[in-house]
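Chains as they are written, first to last, in this note's numbering: chain A, 777 to 1085; chain B, 777 to 1085. Virtual Cβ for every residue (Gly too), placed ideally from N, Cα, C. What follows is a single structure, written as structure tokens, with notes after it.
Protein chains: 2
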Amino acid sequence: MRPSLRQLEYIVAVDRLGRFGLAASALNVSQPSLSAQIAEVEAELGLRLFHRSRTGVVATAQGAELIRRARRILREMEDLRAAASGGVPFGGRLRLGVLPSIGPYLLPGVVSALHRNHPELRILVREESTQWLEQGLKAGRFDLIISTPEDHPGTVQTRLFSERLWIAVARDDALARGVGPVRANDLRGRMFLTLDRGHRLSRIVYALASECGGVVSEEYEGTSLDGIRLMAASGAGVAILPEVYVRRQGEAGHETVLRPLVAAQASRDIALLQLGGGEEMAGTDLIAGALRQGAEALGIAGVRAGEET
Amino acid sequence: MRPSLRQLEYIVAVDRLGRFGLAASALNVSQPSLSAQIAEVEAELGLRLFHRSRTGVVATAQGAELIRRARRILREMEDLRAAASGGVPFGGRLRLGVLPSIGPYLLPGVVSALHRNHPELRILVREESTQWLEQGLKAGRFDLIISTPEDHPGTVQTRLFSERLWIAVARDDALARGVGPVRANDLRGRMFLTLDRGHRLSRIVYALASECGGVVSEEYEGTSLDGIRLMAASGAGVAILPEVYVRRQGEAGHETVLRPLVAAQASRDIALLQLGGGEEMAGTDLIAGALRQGAEALGIAGVRAGEET
DNA sequence: CATGACAGATAGCCTGAAACTATGAATACC
DNA sequence: GGTATTCATAGTTTCAGGCTATCTGTCATG
């Protein structure tokens, strides 16, 4: 595109130094090369940029305006380069997608910690269900997503932690009287409450139900974890909750009793997913570390060193 | 400067179309050329701009930020070109220098007329005395100056009009009783009031005094035309005033009587001066025309078709 | 008035960045 | 598993932009 960036540098230098010769030596080119380029720009734009005289050159009125614009463009070009090599992860703006069953419970502490340590990094969080997260990642709407690591071809996954599932039942429920973890057998024949289909948690609960001989409530699928806990408190069934929710929200409200669940399907892995070849591990490691720390702070046991899969 | 503008166009096109091949044909280059340039930018900046996959390419987080900046730079480049060829005279910003004995009287109507006809043209007016005007023009602080056409080497001059000088005397002065123009003889032996030395008007008045046998008041040189007219009203002498002042300000205040002056030195030419070879006559003609119309509107007789000298 | 000195413009040549064609490698879909 | 699609690589060619040498025009000075 004419004029070129180099030509913009030339006209700015000539304007600043007021002499072709001076500008040429400052730019480490010969004076004829500089003259030719200035003439080229003037021909291209169809106007005269400088008044030539013995005593030096002075910008014309139109030239002064164009030089002002050229300075601005060159400065923004410098900014672009600085932004590229400036070490700010994710270009200063991370679009993070997260499962609704994780985000509100894990992220608040993590985001504020990241903001403390990296004030220049803006984090935009969106909660969407599994398949929308994956689609958004592939379409470039997200830079990173926090999801479960199954079947996401074409992505690089960083294991964050694995969390167990918990149950919540009304205080007058039989299960509320036991101590310690609940086993699969204890749930035989019970009604399970979970989120709408489409949420990852829903599929896990269906698998759990078939494992331990329970049935998933078709009628009362909830749209939020708080919602299904309230349903459990009313005696509608056994709410299946992720550990992050329990650790953060569990203590509030004593209408339900919370107990960990021990079963083959009763845990899920949480991973950080990104597109592509995984060269940009620096920024991802930063986020992954913060997320693991956040999970540890919540008291989640299954935090291990992340492994790419 | 790397990356080049062309490379910026390339990354923007790839981001917009999501496919190397599509972007390449849209840009009228071959796909390998495009790939090479993208790879070049990524190597230069030390980061990956796009996630490649079968289904297309998606910007990385850092890439998205850089593409945003690239779009901005390209848009401003378009603006620069538009500003160059957009026909707006003087790049939209005219720095006009003018003599203090002309500016406040001639310019108000002219500037508002120009603004009506060319709303996109900003006019910055500065009043300075002759030698500062010339210096400012040569140093590029002014795009055009309105001054007297004498001895300004290295400039192109466009004659605007010539104005006569007028006198102002107190109502009880002997000269106040005559009618019609005052002749040089009538001023013999009188005390002339004028502006400080350094103003062009001052030199003309000194020449006039030596022609018609008067004396210039050394003691009461004024800093404004209104000021010397007030001195004349107090009987301090004969104020010598330019016609533009009289036409605009003369009627206000009847403490003095105004009469035109006829003498060899009793007129001065006013010209529009600009630097350089005079290729950019289009904008100058516009301003010159407006100034001549303004002078005619004030009733100044000496408006002729402008001649370059 | 001639002449020297200086600044920018012009001429001719040369190098290197970027274009093209042809081909290879990898993945998704039938 | 074959095929088609998509991006990457290799080798060649062309032209923008660089350099040296020289010309032109203006100011200062003898």
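The alpha helix (DSSP H) that contains residue 1160/B, what's its start and end?
This structure gives no information on residue 1160/B, because the portion of chain B shown stretches from 777 to 1085.
Using a 10 Å radius around the Cβ and a threshold of 16 neighbouring Cβ atoms, would you call residue 970/A buried or exposed?
Residue 970/A comes out buried.
What residue does the beta strand (DSSP E) around residue 873/B start on, and which one ends it?
If you look at residue 873/B, you'll find it in the beta strand (DSSP E) that goes 869-874.
With 16 other Cβ atoms within 10 Å as the buried cut-off, status of residue 1044/B:
When all chains shown are included, residue 1044/B counts as buried.
Identify whether residue 1054/A lies in helix, strand or coil by the three-state DSSP scheme.
The predicted model places residue 1054/A with a pLDDT of 49, which falls under 50 and marks its position as unreliable; any figure quoted below should be read in that light. In the three-state reduction of the DSSP assignment, residue 1054/A falls in the coil class.
Mind checking residue 858/A: buried by the 16 CB within 10 Å criterion, or exposed?
Exposed: under 16 other Cβ atoms inside 10 Å.
What residues of chain A sit near residue 849/B, judged by a beta carbon separation below 8 angstroms?
Counting only Cβ-Cβ distances below 8 angstroms, residue 849/B has contacts in chain A at 849, 852, 853, 856, in chain order.
Secondary structure at residue 1035/A, three-state DSSP: helix, strand or coil?
Secondary structure at residue 1035/A: strand, using DSSP grouped into helix, strand and coil.
3-residue-minimum beta strand (DSSP E) runs that sit fully inside the stretch 872-915 of chain B, ordered along the chain
Fully enclosed beta strand (DSSP E) runs of no fewer than 3 residues occupy 898-903 of the stretch 872-915 of chain B, in order along the chain.
Pull up the distance between the alpha-carbon of residue 1064/A and that of residue 807/A, whole angstroms please.
The straight-line gap from Cα to Cα measures roughly 55 angstroms.
Burial state of residue 976/B, where buried means 16 or more other Cβ atoms lie within 10 Å
It is buried - the Cβ of residue 976/B has at least 16 other Cβ atoms within 10 Å.
Taking just the CA atoms, how far does residue 1015/A sit from residue 1087/A?
Limits of chain A in this structure are 777 at one end and 1085 at the other, which puts residue 1087/A out of reach.
Please identify the residue among 940/B, 964/B, 939/B, 941/B whose C-alpha is closest to the C-alpha of residue 950/B.
Considering only alpha carbons, the answer is 964/B.
Does residue 838/A pass the burial test, meaning 16 or more other C-beta atoms within 10 Å, or should it be called exposed?
When all chains shown are included, residue 838/A counts as buried.
Interface residues of chain A around residue 919/B at Cβ under 7 angstroms?
Correct list: 837.
Please state whether the Cβ-Cβ distance between residue 1088/B and residue 850/B is less than 8 angstroms.
Residue coverage of chain B in this structure runs from 777 to 1085, which leaves residue 1088/B outside it and unanswerable.
Quick one: does residue 816/A have its CB under 8 angstroms from some CB of chain B?
With a threshold of 8 angstroms between beta carbons, residue 816/A makes no contact with chain B.
Could you give the C-beta distance for residue 899/B and residue 1037/B, rounded to a whole number, given that I count them as a contact under 8 angstroms?
Residue 899/B to residue 1037/B, Cβ: 32 angstroms. No contact.
Rounded Cβ spacing between residue 846/B and residue 784/B (contact assumed at less than 8 angstroms)
Contact flag correct, Cβ pair sits at about 4 angstroms.
Please classify residue 861/B: is it buried, with 16 or more other beta-carbons within 10 angstroms of its beta-carbon, or exposed?
Exposed, by the Cβ-count rule.
Cβ separation of residue 952/B and residue 1033/B, assumed to be a contact under 8 angstroms, to the nearest whole Å:
The Cβ separation is near 4 angstroms, so the contact holds.
Measuring alpha carbon to alpha carbon, tell me which of 1062/B, 878/B, 840/B, 821/B ends up nearest residue 905/B.
Out of 1062/B, 878/B, 840/B, 821/B, 878/B has the C-alpha closest to the C-alpha of residue 905/B.
How would you label residue 1068/B, buried or exposed, when you count the other beta carbons within 10 angstroms and need 16 or more for buried?
Per the 10 Å Cβ criterion, buried.
DSSP state of residue 1045/B, grouped into three classes?
Strand, per DSSP.
Delimiting residues of the alpha helix (DSSP H) encompassing residue 832/A
Note, residue 832/A: premise wrong, no alpha helix (DSSP H); beta strand (DSSP E) at 832-835.
Closer than 7 angstroms at the beta carbon, the chain A residues around residue 1012/B
The premise fails here: residue 1012/B is roughly 43 angstroms from chain A at the closest Cβ pair, so nothing lies under 7 angstroms.
How is the beta strand (DSSP E) around residue 1014/B delimited, first residue to last?
Segment 1014-1018, the beta strand (DSSP E) holding residue 1014/B.
What do you get for residue 1084/B, buried or exposed, if any count of 16 or more other CB atoms within 10 angstroms of its CB means buried?
Bear in mind that the predicted position of residue 1084/B carries a pLDDT of just 43, short of 50, making it unreliable; the figure below should be weighed with that in mind. Within 10 angstroms of the beta-carbon of residue 1084/B lie fewer than 16 other beta-carbons, which makes it exposed.
How is residue 796/B classed by DSSP in three states: helix, strand or coil?
Correct three-state label for residue 796/B: helix.
Interface flag, residue 841/A vs chain B, CB-CB below 8 angstroms
Chain B, which has a Cβ nearer than 8 angstroms to the Cβ of residue 841/A, makes this yes.
I think residue 835/A touches residue 826/A, with their Cβ atoms under 8 angstroms apart; what is that distance to the nearest whole Å?
At roughly 6 angstroms, the Cβ-Cβ gap stays under 8 angstroms, so residue 835/A and residue 826/A are in contact.
What separation, rounded to the nearest whole angstrom, lies between the Cα atoms of residue 1054/A and residue 940/A?
Confidence at residue 1054/A is low in this model, with a pLDDT of 49, below 50, so its placement is unreliable and the value that follows should be read with caution. Computed Cα separation, rounded: 28 angstroms.
Across which residues does DSSP place residue 975/B in a beta bridge pair?
In DSSP, residue 975/B forms a bridge with 973/B.
Based on the DSSP output, what are the partners of residue 992/A in its beta bridges?
Beta-bridge annotation (DSSP): residue 992/A is paired with 968/A.
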